[in-house]
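Student:
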Amino acid sequence: MKFADLHVHTFYSDSTFSPEEVVTWAAKKGLSAVAICDHDSVDGIEPCKTSGKAVDVEIIPGIELTVEKSDVEIHILGYFFDYTAQWLKDKLKEMQEGRIDRIYKMVEKLNAEGVDVKAEDVFRLSGEGSVGRLHLAQAMLATGKVKTFKEVFNKYIGFQKSCYVSNVRFTPKEALDVLLRAGGVPVLAHPGIMNRDEYIPELIEYGLRGIEVYHTDHKPSVVKHYEELAGQYGLLMTGGSDCHGLGKGRVLLGGVRVPYELVEKLREESEHIKHEYR
Ligand code: AMP
Ligand code: FE
Ligand code: FE
Ligand code: ZN
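Under this note's numbering, the residue at position 50 of the sequence shown is numbered 52, and the numbers go up by one with no gaps.
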């Protein structure tokens with residue numbers, strides 16, 4: 003049987019893994035395909051495709067966009083969209099600039115609270131990639147002032163905590179429109195982390211096609227719940243590890259995987275979308 007991990011990051015966002023490392027791990031784990039879903043970036047897709055050829059791992063173009071409601075952040079995955087479209091690249095470039103700006107703002111707030119972190123240390127960690135809170139968290143821990151990952155997010159930079167700054171440019175509807183317009187299949191990432199099922203019908207109204215039922219942070223009861231919900235709404239059930247290389251401690255790649263048939267379904271769905279929105 004062939005399997006795919008449909009949620010993998012690279013160092014083009016907040017994973018520590020290069021494209022070579024991603025595909026080497028994928029091959030080692032016996033995966034036929036991985037979807038590259040970096041935060042607000044498509045820069046890792048082409049390099050991963052090139053690296054994937056050598057080890058016969060198929061690379062599925064993906065992305066993870068962040069949007070917000072007043073009380074929660076929502077991550078939307080997109081699959082099989084035209085990642086070469088210039089209008090899309092322009093939008094993502096704006097988001098990248100916003101991410102840089104946001105790091106300066108969060109660093110300023112952290113400094114005011116006595117966490118002596120420097121923006122340049124955060125940017126050293128992110129390199130050329132999409133800079134985010136995981137890089138900031140690592141730089142905060144390196145100061146020694148904050149001791150645990152949990153404290154970093156629960157006290158300082160988690161959603162709407164004291165030093166949180168948003169970089170959201172889209173409403174949920176706009177994010178889904180972007181993905182659909184690019185011919186992509188929009189999927190709700192890790193709904194168990196979001197834990198606000200009441201927003202799902204609204205997302206479906208905007209064109210959501212699937213939910214990430216299988217995820218590293220979903221325990222069996224959560225998986226069962228979202229299997230039922232997906233069945234009820236007629237949504238595709240996707241899954242992936244959300245591997246960040248060593249960015250979250252251990253390597254998660256391949257720890258969550260789905261049968262390859264689902265890749266075919268996503269590809270087909272993207273064809274429908276491309277016809278519908280052309
Ligand atoms: P950003 O894209 O900059 O908003 O950062 C998102 C990253 O921060 C993702 O990799 C998340 O897994 C991580 N993250 C966000 N909130 C938390 C949290 N409460 N605990 C651990 N990691 C988090
Ligand atoms: Fe991340
Ligand atoms: Fe996410
Ligand atoms: Zn992710």
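Where is the CB? At the ideal position from N, CA and C, for every residue including glycine.
With H, G and I counted as helix, E and B as strand and the rest as coil, what does DSSP make of residue 7?
Tutor: For this step, residue 7 is matched to residue 5 along the sequence shown. Three-state DSSP puts residue 7 in a strand.
Student: Could you check whether the region 103–119 touches the region 194–204, counting it as contact only if at least three pairs of C-beta atoms, one from each stretch, sit closer than 8 Å?
Tutor: A contact between stretches requires three or more CB pairs, one per stretch, nearer than 8 Å, and the region 103–119 fails this requirement with the region 194–204.
Student: With respect to 8 Å, is the separation between the Cβ of residue 66 and the closest non-hydrogen atom of ligand 4 below this value?
Tutor: Counting from 1 along the sequence shown, the entry for residue 66 is found at position 64. Residue 66: yes, Cβ under 8 Å from ligand 4.
Student: I want to check one thing, is the minimum distance from the CB of residue 191 to the heavy atoms of ligand 3 below 8 Å?
Tutor: Within the sequence shown, residue 191 is the residue found at index 189, counting from 1. Flag set: Cβ of residue 191 near ligand 3.
Student: What is the residue span of the alpha helix (DSSP H) that residue 232 lies within?
Tutor: In the sequence shown, the residue the question calls residue 232 occupies position 230. Element bounds for residue 232: 222–235.
Student: Determine the closest residue to residue 60 out of 74, 159, 262, with distance taken between C-alpha atoms.
Tutor: Sequence index remark: in the sequence shown, residue 60 carries index 58 (1-based). Closest in C-alpha terms to residue 60, from the list 74, 159, 262, comes 262.
Student: Going by C-alpha to C-alpha distance, which of 243, 55, 65 sits closest to residue 14?
Tutor: Against the sequence shown, residue 14 aligns to sequence position 12. Looking at the Cα atoms, 65 is the closest of the given residues.
Student: What distance in whole Å lies between the Cβ atoms of residue 180 and residue 81, which are believed to be in contact at a cut-off of 8 Å?
Tutor: Residue mapping note: residue 81 aligns to position 79 of the sequence shown, counting from 1. Residue mapping note: residue 180 aligns to position 178 of the sequence shown, counting from 1. Contact doesn't hold; Cβ gap of about 13 Å is too wide.
Student: Note down, in chain order, each residue of its chain lying with its Cβ closer than 6 Å to the Cβ of residue 245, except the 5 sequence neighbours on either side.
Tutor: The count along the sequence shown starts at 1 and reaches residue 245 at position 243. The answer, listed in chain order, is 10, 254, 255.
Student: On a Cα-Cα basis, can you pick out the residue from 109, 115, 43 that is closest to residue 84?
Tutor: The residue you call residue 84 lines up with position 82 of the sequence shown. The shortest Cα separation from residue 84 among 109, 115, 43 belongs to 43.
Student: Can you determine whether any heavy atom of ligand 5 sits closer than 8 Å to the C-beta of residue 136, and answer yes or no?
Tutor: Among the ligands modelled here, namely ligand 1, ligand 2, ligand 3 and ligand 4, ligand 5 does not occur.
Student: For residue 219, collect the residues of the same chain with a Cβ closer than 8 Å to its Cβ; drop the 5 residues on either side in sequence, then sort them by chain order.
Tutor: As a first step, residue 219 must be located in the sequence shown, where it is residue number 217. For residue 219, where only same-chain residues beyond five positions count, the Cβ hits under 8 Å are 192, 194, 195, 244.
Student: If contacts are defined as beta-carbon pairs under 8 Å, then residue 98 and residue 132 qualify, I think. What distance do you get, rounded to the angstrom?
Tutor: To locate residue 98, count along the sequence shown from 1; it is residue 96. To locate residue 132, count along the sequence shown from 1; it is residue 130. So it is a contact: roughly 6 Å between Cβ atoms.
Student: Between the beta-carbon of residue 5 and the beta-carbon of residue 260, is there less than 9 Å?
Tutor: As a position in the sequence shown, residue 5 is number 3, starting the count at 1. As a position in the sequence shown, residue 260 is number 258, starting the count at 1. Yes. Within cutoff.
Student: Please work out which residues of its chain come closer than 8 Å, Cβ to Cβ, to residue 184, disregarding the five sequence neighbours upstream and downstream, and give them in chain order.
Tutor: Stepping through the sequence shown from its first residue, residue 184 is reached at position 182. For residue 184, where only same-chain residues beyond five positions count, the Cβ hits under 8 Å are 80, 83, 84, 85, 87, 90.
Student: What did DSSP end up calling residue 68 once you bin it into helix, strand or coil?
Tutor: Counted from its first residue, the sequence shown places residue 68 at position 66. Residue 68: strand per DSSP, three-state reduction.
Student: Let's test the definition: count the other Cβ atoms within 10 Å of the Cβ of residue 150 and tell me whether it reaches 16, buried, or not, exposed.
Tutor: Within the sequence shown, residue 150 is the residue found at index 148, counting from 1. With fewer than 16 Cβ atoms within 10 Å of its Cβ, residue 150 is classed as exposed.
Student: Hey, out of 279, 158, 247, 266, whose CA is closest to residue 109's CA?
Tutor: The residue labelled residue 109 in the question sits at position 107 within the sequence shown. Nearest option by C-alpha distance: 158.
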